[in-house]
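Asker: Okay, so the sequence shown: first residue is 1181 according to this note's numbering, each after it adds one.
Virtual Cβ for every residue (Gly too), placed ideally from N, Cα, C.
Source: prediction; values computed, not measured.
Dropping a structure here in C-alpha cells format, bear with me for questions.
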Amino acid sequence: MANILHPFTPLSGPEIESTAKVIQAAQSENAAIRFKGITLREPAKESMQKYLIDEKSGALSYALPRKALVNYYVKGTNHFFESIVNLDEKSLERNIRVADGLHGPVDDGEVVLVEKIVLEDPAVQEEIKKLQLPAGSVVVCDPWIWGADGVDGAKRQYQCYLYVRDPSNSTEEDGNHYAYPLAISPVVDTVTLTVTKIDFIPTGTDFSTSPTKQFRAVKPNEYIPSENKLRTDLKELQVLQPNGASFTVEGDVIRWQKWEFRLGFNSREGMVLYGVSYDQRPLFYRVSLSDMSIPYADPRGPVHKKQAFDLGDSGAGMMANDLKLGCDCLGSIYYKDGLIADEDGKPMLKKNAVCIHEQDYGIGWKHTNYRTGRAAVVRNRELVLQSIITVSNYEYILAFVFNQAGDFSYEVRATGILSTQPIDEGISVPWGTVVHDGVLAAHHQHIFSLRINPELDGSSSNSLVYEEAHAMPIDPATNPFGNGYVSTETLVENSVGLDLDSRRNRVFKITNPNKHNAINGKAVSYKVVVPPFQPILANPNSVHYKRAEFADHSIYVTKYREDELFSGGQYTNQSQGGHGVRSWAARNDSVVEQDIVLWVQFGLQHIPRAEDFPVMPCELIKVSLKPVNFFERNPAIDVPPSTQDFNKSTNLRTEAVVGLQVKDDGCCSVTEEQKSLPKL
Ligand SMILES: [Cu+2]
C-alpha cells in the first residue's frame, strides 16, 4: 500500500508541511498566515470501523485518505478560516471563513509577542512609572485570553495581567511574580497588535478603582527550591524494575496486562485513546479530555471575564511539558513525543509529551483465611500514561490509568500557582482568599469534561442507564423489619444532561443490552464513577454559563455525530454559547441502543487556601470506568500473588519481639510463627 500511516496516527512532519503549503497556495502568495492548528482529521467513523474490521481480519487492501484539519488567520485581519486538506491529493476540501464572533486559540508565539507589545507600550510604561519601583525592578506580563461577558466580543483580544518580580531579587527569572500583582491590566487587539486600553483592577471591597499609586514592597513568597530552606531528613525512594516494564509499545499501539489501545496526540486534546480493549474485548472507540472551563468568582471588571477554556483556548498538546526522567516520572519509563504545528505551519516537536510507566498502587485484592492464617494477596499494578500541561500560572497533570481488574481511570491533578490580583492591606472579600500580603486569589471552579465513545464488546449499539438504591417501604408481608432495599435501573431514552444523586447512590452505567453476563444474565456494562461535582455557579443568564455548555451537569449523553468532539464547541475563545454538548443534547435524539457519546464532567470548587501559595499541593480528581457484570468473575484473579521473593521489600524492624522472630517470609505462605499462633 502506498500509504503506510495508520488512519489514527497523528500527522507526520512532512504532512504538516504539505498542509501548510496547500493553505499558503490557497491564499494569495504574499498573504501572511498565522496558523492556529494543523491536526489530523480523523476518518468518518463508519469508514474507520470498516477499516478496523478489515485490519483485524488481515483483509486490508486499501488505505484511507489522510486529511488535515486546519485553522488559521490571515495576519493583520480578523479573517479566521477552517480548512480541510486532503494530503493524498494535496488539495483543499474545505476552506471557509469561520463566522464572526468565533475566534481561534492563542499560540506560543503570539503570547510572547503580546507580552512584548504590552511592556513596550508607552501608556503602559507611563502607568508603571507611577509605581515608583526600585531601580532594576522587572515587570512581568501574563497575557490571558480576553474571556467573555457578552459585551464587545467581536474583536479577538488579550486581557493582560501585570506583576513585579521581587524587587530585592529582580535578576531571578524564576521568581514568583504572582506574589506582586499589579492593578494595571492592558488590553491588546490581535489585529492591530496594539494596546487599545488599560483597565484597572479594583483592589478594595467594591467595584471602585483607584489611580496607580506607589508600589508597596512585601516580603517574597518563592516556590523555587533555591529560595527555600529545605528539610533534610528525606531518604531516597527508588522505583526499580530489574527486568524491565510489563508493557510494550509498538508504534502507537500499547499493550499491557490484557489491555490494548492506540495512543494519539494532537495540539488541542493532547493524549487521545483509540480502540481501548481488555482481553480482546472492545470497550471504547475513542476517549479524550474534551474540554475544561475555569470560571472565576470575582464579579468586578476586568477579572469578571476570567474563564479559561484551556483546551479550546490554547490546547493540551500545545502546552505539554517536556517530561523529565526521574522527576516527573519514576521507574522504567517509555516516553512518547508529540508532533504539532507551530504558528508558521512548521512541525513543532513536543518532546517527551507523554510518559508511560507502571506503578504500584497498594493492594489489588486480599483475603486471609482466619482459620489457617493463609493470606492470598495481589498488588494493584497500574499502567499510567501521563502528560503535564502548563497554562501560564497553572499546571494540570493529566493521566489515563489502567489496572488489572478491568478498571480504566482518568486523573487530573491540579497544581501550579494561583492566578492572583492585588488587594488592599487589611481587607477581605467574599469571592476570594488573601494568600499573601496584598495578594488575592479569587475563587474559581475547575470543570473538566471527559468524552467517551463506548463500544462495549464491539457493539456501537449501547445504552445509558442509571442505577439507584431505594429503601423498600416497611410492610408486614414484604419488609417487616424495615431494613430492605432494592436497586433500580432507569434507561435514559433521549440525549440529555443528568446529575448525580448521592442520596440515591445514582450510578451511571454504559450497557450493551444485547450481550449478557453468563452468571446472572445482566447486560454487560461499565459504570462511570464520578466524584461529586458542583455545577457551574455562574447565573444561567450569564455568558459564562451559556458558553460552558458542559458545565451544568455531571453527565451528558448524546447520539454520535461526526465532528462533535469538544463539549464547549469547536471554538471556545471568547465564545458566547450555542455550540457544544448542551445544544447537541437538545436535539432530543434517541440514545437507546445507539452509538452514544458520554460527556463526563468532574472538577473542583477551588476556594483558595493559604497553603495553595506560592505553589499549590496537587489536588487529585479522578473519574473511573469499572466493569459491571462485564466479566464472569474478578478479572484480576489471575494476577500472581504478591510475594517477598518478587517484591524484595526490606523489613526495618529487625529486633526480636517476644515469642516472634520477624523474618522475611513470603506474604502468602503460612509461616512457622503463624502456625504456632493461637487460633482466634
Ligand atoms: Cu484552582
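#1: Could you work out which residue in Thr1752, Gly1748, Glu1306 is closest to Ala1765 when comparing CA atoms only?
#2: Count the other CB atoms within 10 Å of the CB of Cys1798; is the residue buried (16 or more) or exposed (fewer)?
#3: What separation, rounded to the nearest whole angstrom, lies between the Cα atoms of Cys1535 and Pro1653?
#4: How far does the alpha helix (DSSP H) with Pro1492 in it extend, from its first residue to its last?
#5: Using C-beta distances below 6 Å, list every residue in its chain close to Pro1720, excluding the 5 sequence neighbours before and after it, in chain order.
#6: Have a look at Asp1124 and Arg1396 and give me their C-alpha separation to the nearest angstrom.
#7: Take every Cβ of the segment 1581-1592, pair it with every Cβ of the segment 1339-1351, and state whether three or more of those distances are shorter than 8 Å.
#8: Helix, strand or coil: how does DSSP classify Gly1677 here?
#9: What did DSSP end up calling Pro1302 once you bin it into helix, strand or coil?
#10: Going along the chain, which unbroken runs of the beta strand (DSSP E) with 3 or more residues stay wholly within the segment 1601-1635?
#11: Ends of the beta strand (DSSP E) at Asn1694?
#12: If the criterion is Cβ atoms closer than 7 Å, does the pair Ile1569 and Met1472 meet it?
#13: What's the C-alpha gap between Thr1372 and Val1254?
#14: Taking the Cβ atom as the reference point for each residue, do Ala1496 and Gly1455 lie within a distance shorter than 7 Å?
#15: Note down, in chain order, each residue of its chain lying with its Cβ closer than 6 Å to the Cβ of Ala1790, except the 5 sequence neighbours on either side.
#16: Return the Cβ separation of Asp1490 and Val1571 in integer angstroms, given the expectation that the two are a contact with Cβ distance under 8 Å.
#17: Which of the three DSSP states is assigned to Asp1369 in this structure?
#18: Out of curiosity, what's the CA-to-CA distance linking Gly1444 and Tyr1550?
#19: Between the Cα of Ala1334 and the Cα atoms of Val1278, Asn1685, Glu1430, which residue gives the shortest distance?
#20: Take Val1452 and list the residues in its own chain whose beta-carbon comes closer than 6 Å to its own, dropping the five residues that flank it on each side.
#21: Between Gln1785, Gly1327, Leu1313, Arg1448, which lies nearest to Ser1348 when the distance is taken from Cα to Cα?
#22: Counting only the same chain and skipping the five closest in sequence on each side, list residues whose C-beta sits under 6 Å from that of Asn1532.
#23: Can Lys1216 and Pro1285 be called in contact, C-beta distance under 7 Å?
#24: Asn1753: which of Leu1249, Gly1281, Gln1229 sits nearest, CA to CA?
#25: As a quick exercise: from Ala1359, Gln1339, His1537, Lys1530, pick the residue whose alpha carbon is nearest that of Val1861.
#26: In terms of residue numbering, what span does the beta strand (DSSP E) encompassing Arg1593 cover?
#27: Would Ser1572 pass as an interface residue toward chain B - the criterion being a Cβ-Cβ separation below 7 Å?
#28: Quick one: give me the first and last residue of the beta strand (DSSP E) that Met1451 is part of.
#29: Straight-line CA distance for Cys1861 to Glu1440?
#30: Count the other CB atoms within 10 Å of the CB of Lys1855; is the residue buried (16 or more) or exposed (fewer)?
#31: Can you check whether the CB of Val1318 is closer than 7 Å to the CB of Val1368?
#32: Helix, strand or coil: which one does DSSP assign to Phe1171?
#33: Please tell me whether, using a cut-off of 6 Å, the distance from the CB of His1623 to the nearest non-hydrogen atom of ligand 1 is below it.
#34: Assess, as a yes-or-no matter, whether the segment 1771-1785 is touched by the segment 1728-1739 under the definition of 3 or more beta carbon pairs within less than 8 Å.
#35: Would you give the residue range spanned by the alpha helix (DSSP H) that Val1571 belongs to?
#36: Can you find the residues in the same chain that come closer than 7 Å, C-beta to C-beta, to Ser1198, ignoring five residues on each side of it along the sequence?
Answerer: Here's the rundown:
#1: Gly1748
#2: exposed
#3: 53 Å
#4: Checking the sequence, you will find Gly at residue 1492 rather than Pro. From DSSP, the alpha helix (DSSP H) with Gly1492 extends over 1490-1493.
#5: none
#6: Outside the shown range of the chain, which is 1181 to 1860, sits residue 1124, and nothing can be said about it.
#7: no
#8: strand
#9: helix
#10: 1612-1616, 1619-1622, 1624-1634
#11: 1687-1696
#12: no
#13: 13 Å
#14: no
#15: Val1615
#16: 5 Å
#17: strand
#18: 48 Å
#19: Val1278
#20: Gly1444, Ser1468
#21: Leu1313
#22: Asp1502, Leu1503, Tyr1515
#23: yes
#24: Gly1281
#25: Nothing can be reported for residue 1861, as the shown portion of the chain is limited to 1181 through 1860.
#26: 1588-1596
#27: In the structure shown, chain B does not exist; there is a single protein chain.
#28: 1450-1458
#29: Any answer about residue 1861 is impossible in this case: the structure gives the chain only from 1181 up to 1860.
#30: For Lys1855, the pLDDT reaches just 49, beneath the cut-off of 50, and the residue's location in the model is therefore unreliable, leaving the point undetermined.
#31: no
#32: Outside the shown range of the chain, which is 1181 to 1860, sits residue 1171, and nothing can be said about it.
#33: no
#34: yes
#35: Here Val1571 belongs to no alpha helix (DSSP H); instead the beta strand (DSSP E) covers 1554-1571.
#36: Leu1267, Lys1270
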